[in-house]
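Data first, discussion second: the structure below is written as C-alpha cells.
There are 2 protein chains.
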Amino acid sequence: MAESTKSPRPGEGSGEALSALLAWDVNQPMCPSRLILEHVTSRWGVLVLAALLERSYRFSELRRAVGGVSEKMLAQTLRTLERDGFVDRDAKPVIPPRVDYSLTPLGIEAAEQVWALARWTERRVDAVRAAREAYDGARA
Amino acid sequence: MAESTKSPRPGEGSGEALSALLAWDVNQPMCPSRLILEHVTSRWGVLVLAALLERSYRFSELRRAVGGVSEKMLAQTLRTLERDGFVDRDAKPVIPPRVDYSLTPLGIEAAEQVWALARWTERRVDAVRAAREAYDGARA
DNA sequence: CAGCATCCGTGGCGATACTG
DNA sequence: CAGTATCGCCACGGATGCTG
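Protein chains in written order, with full-length UniProt numbering: chain A, 1 to 140; chain B, 1 to 140.
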C-alpha cells in the first residue's frame with residue numbers, strides 16, 4: 001500500500017502543478033481551472049461526457065440514455081459543455097428538428113478522464129460498500 | 001489528434017461497462033456507483049483528494065491548503081470520504097487535539113483518477129478559454 | 001485545535017407549460 | 001422534436017456560536 005506504482009506518479013513537486021487549483025483566494029473571479037473542473041465533474045456533466053464518448057446522440061435519445069436527467073438540466077449541461085468546447089452541437093434545419101450532439105477532440109480528452117474515473121468507480125463499488133458497513137458498524 | 005492513443009481505449013462495447021451508471025430508473029435507492037461518483041466528484045471532494053495525494057494533512061492545515069472551503073464543508077467532505085473508505089482519520093489523544101488525514105490504498109486509487117483529471121484541466125485552460133470566446137463571440 | 005449544532009440565504013434543480 | 005420560460009421547493013453550503 002505504501003507505493004502507488006501507477007502511471008503519472010504524483011510524487012515530489014506534483015502538488016505544484018495543482019497550486020492554481022487548490023490555493024485560491026476567495027472573493028476573486030474564481031480560478032478558471034476550478035470552473036472547468038466543476039463543469040466536467042458536475043452531476044450530469046460526468047454522465048453526459050461518458051455517454052457521448054461511446055457515440056453521438058440526439059437530444060431525446062441522450063435524455064433516455066442518461067437515466068434521471070431532466071430536460072432542463074440536460075439542455076443546460078449541454079450548453080455549458082458546448083461553450084467550454086467539449087461538445088459539438090449539430091442542428092439540422094429539418095422538420096421535425098434534429099440535433100446531434102458529439103464530442104470535440106477536446107471533449108474526447110475530457111471524457112476519457114471522466115470515463116476512467118467512472119470505470120474505476122464501478123470496479124470498486126464492492127470495496128466501498130464494505131468500507132461503509134465497517135464504518136457504520138463501528139459506531140453502533 | 002483524431003485517435004485518442006491513450007490508455008483504455010473506450011471503443012466498441014465500453015458503454016456496456018457504464019450501463020449501471022447511465023441507465024438508472026428514477027424512484028429507486030439510487031445506483032451505488034453514482035453515489036460514490038458524486039462523492040468523489042463533489043466540489044470539495046475532488047480538491048481534498050488531490051491535496052491528500054501529495055501528502056497527509058491536519059485539519060486546519062488542509063483547510064488552508066484548499067482555498068475557499070468552509071470548516072463545515074471540509075468536515076463533511078472528510079467524513080463522507082472516510083465512510084467510503086478513501087480517507088484514513090488518525091485522531092491522536094493529545095491536547096490540543098491533533099487529527100491527521102491521509103489516503104487509504106483505495107483512496108489513493110480514487111485520488112489518482114481525480115488528480116489526472118485536475119492536471120488535464122489545468123493543461124487545457126487556454127483551449128477552453130479560447131472556445132468560450134469563440135462561443136460568446138458567435139452570438140453577439 | 002478539531003469539529004458539531006444551529007440558523008438561514010441563495011440557487012440548483014425538478015415540474016409544468018409554452019414556442020418554433 | 002428540441003428546446004425556452006416560469007414557478008417553487010429544498011438542500012447545499014456559508015456564518016456564527018459552543019464543546020472537549
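Each residue gets a CB set at the ideal place from its N, CA and C atoms; glycine is no exception.
With contact defined as three or more Cβ pairs closer than 8 Å, the segment 123–137 of chain A and the segment 25–37 of chain B are in contact. Contacts between G137 (chain B) and chain A, judged by CB atoms closer than 7 Å, are missing: the closest CB pair is about 11 Å apart. A Cβ-Cβ separation of about 7 Å places V46 (chain A) in contact with A118 (chain A) under the 8 Å criterion. Judged by pairs of C-beta atoms under 8 Å, the segment 71–91 of chain A touches the segment 100–117 of chain A, as three or more such pairs exist. For W120 (chain B), the C-beta contacts it makes with chain A under 8 Å involve E109, A110, Q113, in order along the chain. Listed along chain A are V128, A131, R132, each with a C-beta nearer than 7 Å to that of D84 (chain B). Of all residues in the segment 19–34 of chain A, only A20, L21, L22, A23, W24, D25, V26, P32, S33 come within less than 7 Å of chain B when Cβ atoms are compared, listed by chain position.
Residue pairing by DSSP places V87 (chain B) opposite B:L103 in a beta bridge.
In the structure shown, R124 (chain A) falls within a coil segment according to DSSP collapsed to helix, strand and coil. Per the coordinates, the alpha-carbon of W115 (chain B) lies some 5 Å from the alpha-carbon of A50 (chain B). Chain B places a beta carbon closer than 8 Å to that of L37 (chain A), counting this residue as a contact. Using a CB distance cut-off of 8 Å, R63 (chain A) does not count as an interface residue toward chain B. Classified as exposed, S60 (chain A) has fewer than 16 neighbouring CB atoms from the shown chains inside 10 Å of its CB. With its beta carbon less than 8 Å from one in chain A, T41 (chain B) belongs to the interface.
Taking CB atoms only, V66 (chain A) has a neighbour in chain B less than 8 Å away. Considering only A:T121, A:R43, A:W24, the residue with the shortest C-alpha distance to G68 (chain B) is A:W24. Here the alpha carbons of M73 (chain A) and A138 (chain A) stand approximately 39 Å from one another. Closer than 8 Å to the CB of A51 (chain B) there is at least one CB belonging to chain A. Chain-order list of chain A residues neighbouring L106 (chain B): R124, A127, V128, A131, by C-beta distance under 9 Å.
One finds L37, T41 in chain A with Cβ atoms closer than 7 Å to the Cβ of V46 (chain B), taken in chain order. Listed along the chain, the chain A residues whose CB falls inside 9 Å of the CB of L117 (chain B) are L37, V40, T41, A110, Q113, V114, A116, L117.
Among the bridge pairs identified by DSSP, R58 (chain B) is matched with B:D100.
One alpha carbon belongs to S56 (chain B), the other to D100 (chain B), and they sit about 7 Å apart. With contacts defined by Cβ atoms closer than 8 Å, W120 (chain A) and E54 (chain B) do not form a contacting pair. According to the DSSP assignment, R34 (chain A) belongs to the alpha helix (DSSP H) that extends over 32–40.
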